[in-house]
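Residue numbering for the sequence shown follows my numbering, starting at 5 and increasing by one per position.
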Amino acid sequence: MSDHWSLKGKKALVTGASKGIGKAAAGELEYLGAEVFRVSRDFRGTGGMKCDVTVEKDRKKLFERISNDWGKLDILVNNAGTNNRKQILDSSKADYEELVDLNMTSVFEFCRLFHPMLKKSGHGSIINVTSVAAQTSVGTGAAYAMTKAAIDQLTRYLSVEWAKDNIRVNAVAPWYIRTPLTSKYVTNDEFLQRICSRTPMKRIGEPDEVAAAIAFLALPASSYITGEVLAVDGGFLKYGF
5 MSDHWSLKGK
15 KALVTGASKG
25 IGKAAAGELE
35 YLGAEVFRVS
45 RDFRGTGGMK
55 CDVTVEKDRK
65 KLFERISNDW
75 GKLDILVNNA
85 GTNNRKQILD
95 SSKADYEELV
105 DLNMTSVFEF
115 CRLFHPMLKK
125 SGHGSIINVT
135 SVAAQTSVGT
145 GAAYAMTKAA
155 IDQLTRYLSV
165 EWAKDNIRVN
175 AVAPWYIRTP
185 LTSKYVTNDE
195 FLQRICSRTP
205 MKRIGEPDEV
215 AAAIAFLALP
225 ASSYITGEVL
235 AVDGGFLKYG
245 F
């Protein structure tokens, strides 16, 4: 295998890694040779730890663990997140704050926290998981879309600000993917038909398809790509009329 297509010797941290896209991404990075540290609120087993990414104390504890075990970090995948499909007039302040804390603030803080270790790598790569909802209305809550749009912009800004530190910053923006978060929607035949009717490829995506895009953005093969938000959406954003 060409070195361009290998992550052998790389150290990767994946948040929200116990299920869905995060679990698939961790597996894909590992398959390509990376040593992966998995993080989630309900993590069990070895090769990771429990961490509520919205809690500063937990973030610092994780940083200390990675710092002590590895001393540097090559790949950071900010995947942990949630959705709330309430209309804005039906949403409470608590609903709003939950989305902001998990989808937006945690990503901002993880980027800041792990910057020194990514810089030490000499070829650091951050991949943020956002959503097509950041770019167009998909019928989900406005607060969710707002948090994802903020991460799109953070991705662009950090790609410029941290280029001097040899840190690339990119994002992937999925459409409907078959995960626990979407299960009650994509198993509804009428709703699924609506989704597929607006998707040129006429189907929803699978976690491993998003994971492959995440892995590509972590690979040396993408070494001249930074500041991009890569849609993994079956053509949804290009549909038009």
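Glycine is no exception: its CB is placed at the ideal position from the N, C-alpha and C atoms. Values in this document were obtained by computation on a predicted structure and should not be read as measured data.
Cβ-Cβ distance between residue i and residue j below 9 angstroms
i           : j           : result
residue 57  : residue 110 : yes
residue 80  : residue 130 : yes
residue 14  : residue 33  : yes
residue 172 : residue 226 : yes
residue 122 : residue 158 : no
residue 63  : residue 113 : yes
residue 133 : residue 214 : yes
residue 140 : residue 103 : no
residue 92  : residue 145 : yes
residue 10  : residue 162 : no
residue 174 : residue 232 : yes
residue 66  : residue 43  : yes
residue 219 : residue 98  : no
Assigned secondary structure, residue i (DSSP; H/G/I helix, E/B strand, else coil)
i           : result
residue 39  : strand
residue 175 : strand
residue 49  : coil
residue 234 : strand
residue 64  : helix
residue 221 : helix
residue 75  : coil
residue 186 : coil
residue 204 : coil
residue 145 : coil
residue 89  : coil
Top-ranked residue by Cα proximity to residue i, from the options
i           : options               : result
residue 83  : 21, 103 and 51        : 21
residue 23  : 239, 221, 218 and 211 : 211
residue 73  : 233, 17, 7 and 228    : 17
residue 180 : 208, 197 and 164      : 208
residue 75  : 27, 125 and 155       : 125
residue 203 : 27, 105, 160 and 243  : 243
Spatial neighbours of residue i in its chain, beta-carbon cut-off 7 angstroms, leaving aside the 5 residues before and after
i           : result
residue 149 : 137 and 138
residue 235 : 136, 177 and 241
residue 206 : 200
Residues bridged to residue i [DSSP beta-bridge criterion]
i           : result
residue 130 : 80 and 173
residue 17  : 41 and 80
residue 181 : 209
residue 54  : 44
Neighbourhood of residue i by C-beta distance below 6 angstroms, restricted to the same chain and skipping five residues each side
i           : result
residue 118 : 77 and 80
residue 31  : none
residue 45  : 56
Beta-carbon contacts of residue i that lie in its chain and below 8 angstroms, excluding the five residues immediately before and after
i           : result
residue 183 : 23, 24, 25 and 211
residue 190 : 180, 182, 196, 199 and 208
residue 169 : 119, 122, 123 and 128
residue 37  : 10, 11, 12, 13 and 14
Residue-chain proximity (residue i, chain C), Cβ-Cβ < 9 angstroms
i           : result
residue 145 : Going by chain labels, chain C is absent from the structure shown, which holds only one protein chain.
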